[in-house]
Amino acid sequence: MKSWIGVASALIAGVTASAALAQDAAKGERVFATQCKACHTLERGGASVTGPNLYGLMARKSGGLPGYGYSEAMRRFAIVWDEKTLANYLRDPKGDMPGTKMVFAGVKRPDQLADLIAYLKEATQ
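In this note's numbering, the protein residues as written are 1 to 125.
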């Protein structure tokens with residue numbers, strides 16, 4: 001009996017944690033518009049402004065968009081962008097990648113970060 005209670009408790013905790021991190025791409029679009037759009041474009045063939053164009057971001061190697069002047073840190077970091085690496089970077093760019101030239105303090109709210117990543121996954125395909 002005790003083992004079933006433990007399993008049930010773990011399942012409930014897991015569902016609660018998943019619900020807390022539910023991703024909403026529509027909300028993420030608003031986060032992008034207020035925190036990212038001034039420096040980044042998303043459309044295929046879009047211009048690199050202050051920051052690089054983000055089209056095709058997921059599965060792209062950091063520092064890998066031709067024609068954009070990345071920092072040495074970004075080129076050297078050489079990771080592949082996915083949900084986890086992007087979340088770590090966007091939470092605290094300078095802490096995650098010392099030497100990056102991105103002048104952004106990061107997305108501190110976990111819900112906004114999850115929503116932003118959901119939006120970027122859709123909008124950069």
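By construction, the Cβ of each residue, glycine as well, lies at the ideal position given by its N, Cα and C atoms.
- Look at the beta carbons and you see the stretch 107-118 touching the stretch 84-96: at least three pairs across the two are nearer than 8 Å.
- Here V80 carries a strand assignment [DSSP, helix/strand/coil].
- Under the 10 Å beta carbon count, P52 is surrounded by 16 or more other beta carbons and is classified as buried.
- Checking the DSSP bridge columns, you'll see K37 has no partner listed.
- By the C-beta density criterion, Y68 is exposed, having fewer than 16 other C-beta atoms within 10 angstroms.
- Per DSSP, A114 is one residue of the alpha helix (DSSP H) stretching across P110 to A123.
- Residue burial annotation: E29 is buried, with at least 16 other C-beta atoms found within 10 angstroms of its C-beta.
- Looking at the DSSP output, K61 shares a beta bridge with V80.
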